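K.L.:
Numbering (my numbering), first residue to last: 131 to 693.
Below are the structure tokens for one structure; questions will follow.
Given below as structure tokens:
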């Protein structure tokens, strides 16, 4: 898992770092495999019915193919995984052909990659079908999900379910999307001002426009089709190709929104759903306002980290109050602005590394030790933790998919004045991540796909959904908690919400909290939910690690990072 977690780190870093230098020197690259090569074009709103009909047709064909291969054997041809996937031999891989545009089901096709570990049947467990997972992003691959079969706490689930991961369209080898030459991404060190000047903002606006134009140039007419609705249609076809009448699904972070959109479009094909760390699905918040909410959430978790460090002043010596810890961080920030740590870590890399502390409290001891070591004259610990990820192509791909899906899904303000006003106001109370978040999403202000974009109205499904399970941490910064009851409400009376109180690590299920995991396991194995709303005590905070221990601590095996 450490190897796979490290690979997923490139995805996480790509989604957390703001965009770098514009792709002004890169030559146009070929379009994604099997996609048209012309410039992006608009779609009209009346394509929705045609897309729905096309998805139903392709799913029926996939179901027939699965039946012809023997039902439970599925219609996918699982074989040894390519070496590039870096998966063990018990995990098998297949490919799935889907339309680029579901309104033209027999038009240009793209290929998605799929991985599977078959149900072990341990202790005589009856097979319950396939459990499909999406780790979020958008832009993250779920190809490593079958590896959880070997983790403690997953034995009973792995005995009953085939564990299925996949790379959504645009991700990895699934018709990979690119918006710039990976070599043209900004190299470390990146220096970000604490308070961006008007001139700096204009440079970032120009870079964002260049990046958006690079997406159109490199993707061609394929660009409009990287959307959450199409991701849900792909999932519908994957379900059928697996030989499943109904979908059993685990989604985390953005994966919860994907699951909710699937449930809205295909309520009769939902069996069970675990939605972990929910995105707020309110169409009015997708995606511009959700990102404003996220910056506020990150500020709260940054405060939690500083409070934890202050409580362990005896170990780290960074101050006995959150304010003192902040002052120490600012001294480090000022220092790497003058002289980058290890020659590669400037203020941008520093912020991205400490944003991880707002996602996962597992990293708190390491990040605190890095600050302490730096202030004692040793920058090597910080340089090792915050160095740019060398997997440039993977990081660029993740950023491209993230950008395309969010920009295609919903309207964004087109005028810079709105962005500047909203983020200037927000930065007064949430300075830690506000501007970096703004610049990351800013290509959406000048997105070249010219079409009306309305988010799917999650909860508008005509049929009542079966029981679903929503799990959330009360102090999650990446997906603030308000999204959890909103998602539960939209899923209907059969939805149950399990809240980890007083905690904020992003991604609750899968090894962090035993109480939550027991609810998840019971639901997946029996379909039973614990009630309308129940709570679990927070998982223990990490223990501080002294500098003498080298900031090395044992990590529990968790799911790959959710993003």
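Ideal placement from N, C-alpha and C gives every residue a C-beta, glycine not left out.
Please read these numbers as outputs of a predicted model, since none were measured by experiment.
#1: Pairing CB atoms from the segment 406-419 with CB atoms from the segment 602-622, are three or more of them under 8 Å?
#2: How is the beta strand (DSSP E) around residue 403 delimited, first residue to last?
#3: Using DSSP with H/G/I as helix, E/B as strand and the rest coil, what is residue 332?
#4: Take residue 233 as the anchor and find which of 355, 508, 463 has the nearest alpha-carbon.
#5: Quick check on this structure: which residue in 614, 182, 586, 348 has the alpha carbon closest to the alpha carbon of residue 366?
#6: Could you name the residues of the same chain whose beta carbon sits closer than 8 Å to that of residue 602, not counting the 5 residues immediately before and after it, in chain order?
#7: Please classify residue 364: is it buried, with 16 or more other beta-carbons within 10 angstroms of its beta-carbon, or exposed?
#8: Nearest to residue 495 by alpha carbon, out of 530, 529, 441, 465?
#9: Considering only the beta carbon of each residue, do residue 535 and residue 358 sit closer than 8 Å?
#10: What three-state label does DSSP hand residue 630 in the structure shown?
#11: Grab me the residues of residue 251's own chain with a C-beta within less than 7 Å of its C-beta, minus the 5 sequence neighbours each way, in chain order.
#12: For residue 674, which residues from the same chain have a beta carbon less than 8 Å from its beta carbon, with the 5 sequence-adjacent residues on both sides left out?
#13: For residue 295, write down the residues that DSSP places opposite it in a beta bridge.
#14: Flag this pair as touching only if the segment 582-602 and the segment 644-662 have three or more C-beta atom pairs under 8 Å; answer yes or no.
#15: Thinking C-alpha only, which one of 597, 277, 661, 666 is nearest residue 642?
#16: On the DSSP bridge list, what partners appear for residue 379?
#17: Leaving out five residues before and five after residue 593 in sequence, what residues of the same chain have Cβ atoms less than 7 Å from its Cβ?
#18: Helix or strand or just coil, what does DSSP make of residue 239?
#19: Compare the C-alpha of residue 568 against each of 596, 668, 334, 207 and name the closest.
#20: What are the partner residues of residue 229, as DSSP defines its beta bridges?
#21: Roughly how many whole angstroms lie between the Cα atoms of residue 297 and residue 668?
#22: Going by beta carbon distance, what residues of the same chain come within less than 8 Å of residue 596, once the five residues before and after it are set aside?
#23: May I ask you to report which of helix, strand or coil DSSP gives residue 663?
#24: So, do the segment 275-285 and the segment 319-328 have three or more beta carbon pairs nearer to each other than 8 Å?
#25: If we ignore side chains and look at the alpha-carbon of each, how far apart do residue 584 and residue 178 end up?
#26: Flag this pair as touching only if the segment 383-394 and the segment 299-317 have three or more C-beta atom pairs under 8 Å; answer yes or no.
#27: Report back the beta-carbon spacing between residue 505 and residue 462 to the nearest angstrom; my notes put them in contact at under 8 Å.
#28: Evaluate residue 661 with the Cβ neighbour count: other Cβ atoms within 10 Å of its Cβ, from every protein chain shown; 16 or more gives buried, anything less gives exposed.
#29: Reducing DSSP to helix, strand and coil, say where residue 674 ends up.
#30: In chain order, what residues of the same chain have a beta carbon less than 7 Å from the beta carbon of residue 659, not counting five sequence neighbours either side?
#31: Report the three-state DSSP secondary structure of residue 574 (helix, strand or coil).
#32: Taking a contact to mean a Cβ-Cβ separation below 8 Å, would you say residue 98 touches residue 268 in this structure?
#33: Helix, strand or coil: how does DSSP classify residue 599 here?
#34: Alpha carbon to alpha carbon, how far is residue 565 from residue 424?
#35: What is the rounded straight-line gap between the Cα of residue 514 and the Cα of residue 482?
#36: Indicate whether the contact test is met: 3 or more Cβ pairs, each with one atom in the segment 337-349 and one in the segment 221-228, closer than 8 Å.
P.N.:
In short, the structure shows the following:
#1: With the rule of 3 Cβ pairs closer than 8 Å, the segment 406-419 counts as touching the segment 602-622.
#2: Here the beta strand (DSSP E) through residue 403 covers 400-406.
#3: DSSP places residue 332 in helix when its eight states are reduced to three.
#4: For the residues 355, 508, 463, the minimum Cα distance to residue 233 belongs to 355.
#5: Across the set 614, 182, 586, 348, the C-alpha of 182 shows the shortest separation from the C-alpha of residue 366.
#6: Excluding five sequence positions before and after residue 602, the CB atoms of its chain that fall closer than 8 Å to its own CB belong to 406, 407, 408, 609, 611, 613, 614, 627, 628, 629, 630, 638, given in chain order.
#7: When all chains shown are included, residue 364 counts as buried.
#8: Closest option to residue 495, Cα to Cα, is 441.
#9: Cβ atoms of residue 535 and residue 358: closer than 8 Å.
#10: Residue 630 sits in a strand when the DSSP states are folded into three classes.
#11: The answer, listed in chain order, is 257, 289.
#12: In chain order, 442, 445, 446, 495, 498 place their CB closer than 8 Å to the CB of residue 674, counting only its own chain and leaving out the 5 sequence neighbours on each side.
#13: Secondary-structure assignment with DSSP links residue 295 through a beta bridge to 245.
#14: The segment 582-602 vs the segment 644-662: in contact.
#15: Of 597, 277, 661, 666, the smallest CA-CA separation from residue 642 is found for 666.
#16: In DSSP, residue 379 forms a bridge with 262, 403.
#17: Closer than 7 Å at Cβ, skipping near neighbours: 397, 398.
#18: Look at residue 239 here: in three-state DSSP terms it is strand.
#19: Of 596, 668, 334, 207, the residue nearest in Cα terms is 334.
#20: Per DSSP, 239.
#21: So the alpha carbons of these two residues sit roughly 32 Å apart.
#22: By the criterion of a C-beta distance shorter than 8 Å, residue 596 is surrounded in its chain by 400, 401, 402, 624, 657, once the five residues flanking it on both sides are discounted.
#23: Residue 663: strand per DSSP, three-state reduction.
#24: Output reads no: the segment 319-328 does not touch the segment 275-285.
#25: Between the alpha carbons of residue 584 and residue 178 lies a distance of about 11 Å.
#26: Of all C-beta pairs linking the segment 383-394 to the segment 299-317, fewer than three are shorter than 8 Å, placing the two stretches out of contact.
#27: Indeed they touch by this definition, with Cβ atoms about 7 Å apart.
#28: With fewer than 16 other Cβ atoms inside 10 Å of its own Cβ, residue 661 counts as exposed.
#29: In this structure, residue 674 counts as coil in the three-state DSSP scheme.
#30: Cβ within range, chain order: 597, 599, 626, 653.
#31: The answer is helix: DSSP assigns residue 574 an H, G or I state.
#32: Residue 98 falls outside the range modelled here, since the chain spans only 131 to 693, and no answer is possible.
#33: DSSP places residue 599 in strand when its eight states are reduced to three.
#34: Each residue's Cα considered, the two are about 12 Å apart.
#35: Whole-angstrom Cα-Cα distance: 13 Å.
#36: As far as the Cβ criterion goes, the segment 337-349 does not touch the segment 221-228, which means the pair count is below three.
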